[in-house]
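Here's the structure we're looking at; comments come further down.
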Amino acid sequence: MTERPDPALRLVASVVLARPTFGGPERTAAELADGRPAWLLGLLARFPALRDGARAAARRPLPPAGAPGGLDEAEALCRLLLHPAPGVADAAAALVEPLFPPVEEKAPEDAPAPASEPVAAPASAATGRPADTGASPRSNPAKRLKWLERSRDEQRRKASNLSGRLLNAERERDRALAEARAERARAEELADQLDSTAQRLDFAEADRTDPRVLAGRLAGVWEAAEPGRAEADRAGRDPRPRGHGVPVEGAARTRFRSAAERAGIAVEGLLAALRALAAPEAAPAPSPPRPSLEVGAQRELRVTQLGGGTSIGGSCVLVEAGSTRLLVDAGTAPRRAWGDSGAPSGIAAVDGLRLDAVVVTHAHNDHGGYVPALLAGRARFPVVATPETAELLPTMWRDSARVNGRDAARLADYGASGSGALYGVAEVAEARRRLTALPVGVEHSVGDVTVELFPAGHILGAAGVVVRAGDRRAVVTGDISGFAQETVGGYALPESARGADLLVVETTCCGMDLGPRENGVDRLVSTVARTCERGGRVLIPAMSLGRAQELAGIMRRRLPEVPVLLDGMAALLARQFEQATAGGPAPLSILGGNVARVDPRRRAEEVASLRGGVVISPAGSLAGGPVVEWARAILPDPDSAVLISGHTDEEAPGGRLERLRDGDGRRFTLDGPDGPEEVEVRARVADMRLSAHADRPGLLEIVREVDASRVSLVHGVPFHQKEFGRVLTAERRRWALGQEGVPVAL
Numbered sequence: 001m002t003e004r005p006d007p008a009l010r011l012v013a014s015v016v017l018a019r020p021t022f023g024g025p026e027r028t029a030a031e032l033a034d035g036r037p038a039w040l041l042g043l044l045a046r047f048p049a050l051r052d053g054a055r056a057a058a059r060r061p062l063p064p065a066g067a068p069g070g071l072d073e074a075e076a077l078c079r080l081l082l083h084p085a086p087g088v089a090d091a092a093a094a095l096v097e098p099l100f101p102p103v104e105e106k107a108p109e110d111a112p113a114p115a116s117e118p119v120a121a122p123a124s125a126a127t128g129r130p131a132d133t134g135a136s137p138r139s140n141p142a143k144r145l146k147w148l149e150r151s152r153d154e155q156r157r158k159a160s161n162l163s164g165r166l167l168n169a170e171r172e173r174d175r176a177l178a179e180a181r182a183e184r185a186r187a188e189e190l191a192d193q194l195d196s197t198a199q200r201l202d203f204a205e206a207d208r209t210d211p212r213v214l215a216g217r218l219a220g221v222w223e224a225a226e227p228g229r230a231e232a233d234r235a236g237r238d239p240r241p242r243g244h245g246v247p248v249e250g251a252a253r254t255r256f257r258s259a260a261e262r263a264g265i266a267v268e269g270l271l272a273a274l275r276a277l278a279a280p281e282a283a284p285a286p287s288p289p290r291p292s293l294e295v296g297a298q299r300e301l302r303v304t305q306l307g308g309g310t311s312i313g314g315s316c317v318l319v320e321a322g323s324t325r326l327l328v329d330a331g332t333a334p335r336r337a338w339g340d341s342g343a344p345s346g347i348a349a350v351d352g353l354r355l356d357a358v359v360v361t362h363a364h365n366d367h368g369g370y371v372p373a374l375l376a377g378r379a380r381f382p383v384v385a386t387p388e389t390a391e392l393l394p395t396m397w398r399d400s401a402r403v404n405g406r407d408a409a410r411l412a413d414y415g416a417s418g419s420g421a422l423y424g425v426a427e428v429a430e431a432r433r434r435l436t437a438l439p440v441g442v443e444h445s446v447g448d449v450t451v452e453l454f455p456a457g458h459i460l461g462a463a464g465v466v467v468r469a470g471d472r473r474a475v476v477t478g479d480i481s482g483f484a485q486e487t488v489g490g491y492a493l494p495e496s497a498r499g500a501d502l503l504v505v506e507t508t509c510c511g512m513d514l515g516p517r518e519n520g521v522d523r524l525v526s527t528v529a530r531t532c533e534r535g536g537r538v539l540i541p542a543m544s545l546g547r548a549q550e551l552a553g554i555m556r557r558r559l560p561e562v563p564v565l566l567d568g569m570a571a572l573l574a575r576q577f578e579q580a581t582a583g584g585p586a587p588l589s590i591l592g593g594n595v596a597r598v599d600p601r602r603r604a605e606e607v608a609s610l611r612g613g614v615v616i617s618p619a620g621s622l623a624g625g626p627v628v629e630w631a632r633a634i635l636p637d638p639d640s641a642v643l644i645s646g647h648t649d650e651e652a653p654g655g656r657l658e659r660l661r662d663g664d665g666r667r668f669t670l671d672g673p674d675g676p677e678e679v680e681v682r683a684r685v686a687d688m689r690l691s692a693h694a695d696r697p698g699l700l701e702i703v704r705e706v707d708a709s710r711v712s713l714v715h716g717v718p719f720h721q722k723e724f725g726r727v728l729t730a731e732r733r734r735w736a737l738g739q740e741g742v743p744v745a746l
């Protein structure tokens, strides 16, 4: 007896059931072939691959459709579609396909089709009536429920897959955007560095042939080589023990004396000639000159605050005597709104007036940042500063010109009025030519007054000023501190400052008692060490001038085993610190050892690869600069820490971050290059403030040492200034706030 072959429809049904995408309720080939023959025929007609699979699965060749056996219509059509001759199968498919038009998939009560396959609503080829689809699924609610559950699960799986793919795509998009922003920022930074390097080369070439610059540097070498000065500068007013002994004159001064002897002149004459050559040629005096106001041997000295009296920023003091008018400092003020120029608030008082000089106490922008704008369009006058400050100021001015130009361009894009840059490269070059390096302890005549600088601590090159007219004297401290730091010693008052008629003293920290500085340094070092021991990273946002170099020096001395990266302009200024002190008695070594600079071309790699160590990066306020890239990577890391190292404006990003020191679920908005971007804060945020300003006890000591007839409190917050003033009142001292525009006559 010949074995009857398996029905072709059941063979096709077995192939369909074996597909992983099949989601119908049927469990056997017979159930599927008997229940949905029309659907299977539609699949065969549309998918040649299914026909090939069914032929391959047949245990023996299928007999043709006309073979005896009483085949029903569906079985006959199926065998035609599976005919081994391609022409027959294709002709059958062309015949069958129009009979089974596709329809939307529906639930089993309408057409029990799997979610993953097309559904046909067939009509019988012979009768035109709908083909038999088996018993109605309505009579089997359990089957329909299973189908719906499988369909639901399948849709959930697909939705989950799509959500995952969407999330990955969004992450990839964000990563690409972040990389693009970082690359653009690096390109801008490299372009700025290239411009800055070109300017420095131009300046260096000009210096090489400028006798005034060369003479000033020679005179500075003599002053820096003063016997015993290194120890005094490093120790400052620090109470730690100092060595004793007779100072020995070094080789530098010996060469000066030998040269003077060979020329047959006194060394004092040689130095006088060098200083005279170094001093800028003054503009001719106006005619007729202003009359000097003299009473006997006295000459009136008038001191007027033009900025930074009851605020921090835009420091500027006008000093007048006889026909002489000079400024002590001309700093930029924080810009509070679009169109703010950043000029000292009262600078208009000298518009149209002749100035004889500007004395800059140190290179921070809030004390010297306005000088290039002040010089523009005016008659020539010197810019007097210590040799170290004269070395640092052009770098700060160039950076300000770059930032001002960038901000002005952005504001102009928004149509902001008065959004022009404060000054540009040309003004910086002119200001640099006006610089006069005046060593501390040397009196310098400016018209009817003499000026003497003295060490003020704070940062490298910072100086206080004694201005004398006749027997009247005013002392302006600038920013001042009495403790030894890694990069500079404390202040050292000259005798000429004691018993002055007026003391103009900064009061940044007059409301604080900071305690011994070493305690703060120990706390910082301990926090960094603990964080690095557990595999974390430490980010310290820092001012590029002064604070960054001080922190790098601390890390190099106290934690030589911890890698430290110095980024941005802070690294450039660190190199200038080393260059400015290289020929003196106390040369600084900041870079080297465990302290390295970040190459801006590789910053993205450094950010991604850093697994431990310290990053010191500007800006200290977190308002732009390379610190934004580091903060984006480090703030979400619970093993890491961000340490606030100095004063930050409450409205600046650094001030806002400081208020997020505690709590979970913290979010922080960074000022990215393309606008605000929010990051999660899981890192520790701590205040490790290492102030470079004298605190309340330190300021009281300064006031007592100078013992001036009157005290003017400037560069501070009025509430704290008044509290400090009450302390001065208790000591029977005459004091007042440095009200802007109100002259004090001495």
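Take 1 as the starting number for the sequence shown in full-length UniProt numbering and just add one per residue.
Note that CB positions come from ideal geometry on N, CA and C, so glycine has one too.
With fewer than 16 other CB atoms across the displayed protein chains lying within 10 angstroms of its CB, R165 is exposed. In the DSSP assignment, G307 falls within the unbroken beta strand (DSSP E) covering 302-307. Restricting attention to M396, S709, C78, the CA atom closest to the CA of R46 is found in C78. Between A484 and A456, the alpha-carbon positions lie close to 11 Å from each other. The region 350-377 is shown to contain whole alpha helix (DSSP H) runs of 4 or more residues at 365-368, 371-375, in chain order. With contacts defined as CB atoms closer than 8 Å, E300 and L746 qualify as a contacting pair.
Counting along the chain, the unbroken beta strand (DSSP E) around E506 starts and ends at 502-506. DSSP, read as helix, strand or coil, puts E97 in helix. Between A570 and S544, the gap from beta carbon to beta carbon is short of 8 Å.
Counting along the chain, the unbroken beta strand (DSSP E) around C316 starts and ends at 316-321.
The straight-line gap separating the alpha-carbon atoms of T581 and L588 is approximately 6 Å.
Taking the C-beta atoms as reference points, C510 is found no nearer than 8 Å to R684.
With fewer than 16 other CB atoms across the displayed protein chains lying within 10 angstroms of its CB, F719 is exposed. The C-alpha of P653 lies about 48 Å from the C-alpha of E154. Restricting attention to alpha helix (DSSP H) runs no shorter than 4 residues, the region 470-551 encloses them at 517-533, ordered along the chain. Within the DSSP secondary-structure output, R667 pairs in a beta bridge with E680. Taking a contact to require three or more Cβ pairs closer than 8 Å, the region 381-396 and the region 357-370 qualify as touching. Here S712 carries a strand assignment [DSSP, helix/strand/coil].
The Cβ neighbour count for G675, taken over all protein chains shown within 10 Å, is under 16; the residue is labelled exposed.
Membership of R597 in the beta strand (DSSP E) is indicated by the continuous run 595-597.
The three-state secondary structure of L422, taken from DSSP, is coil. Annotation: the continuous beta strand (DSSP E) that includes I644 extends over 641-644.
Pairing V446 with L539 gives a Cβ-Cβ distance that is not under 8 Å. By the neighbour-count criterion, in which a residue is buried when 16 or more other Cβ atoms sit within 10 angstroms of its Cβ, V466 is buried. If you look at L737, you'll find it in the beta strand (DSSP E) that goes 735-737.
G313 sits away from G741, with the two beta carbons spaced by 8 Å or more. Straight-line spacing of the CA atoms in P626 and R537 works out to 16 Å. For R666, same chain residues with a beta-carbon under 6 Å away, outside a window of 5 residues either side, are L660, V681 in chain order.
Less than 8 Å separates the beta-carbon of D671 from that of V628. With fewer than 16 neighbouring CB atoms inside 10 Å of its own CB, S709 falls in the exposed class. Residue environment: Q305 is assigned as buried (16 or more neighbouring CB atoms within 10 Å of its CB, all protein chains considered).
Of the residues assessed, T487 falls on the buried side of the cut-off, its CB having 16 or more other CB atoms within 10 angstroms. The continuous beta strand (DSSP E) containing F454 extends over residues 449-455. Annotated three-state conformation of E154 is helix, per DSSP. The Cβ neighbour count for S640, taken over all protein chains shown within 10 Å, is at least 16; the residue is labelled buried.
Judged by their CB atoms, V505 and V711 are nearer to each other than the 8 Å cut-off.
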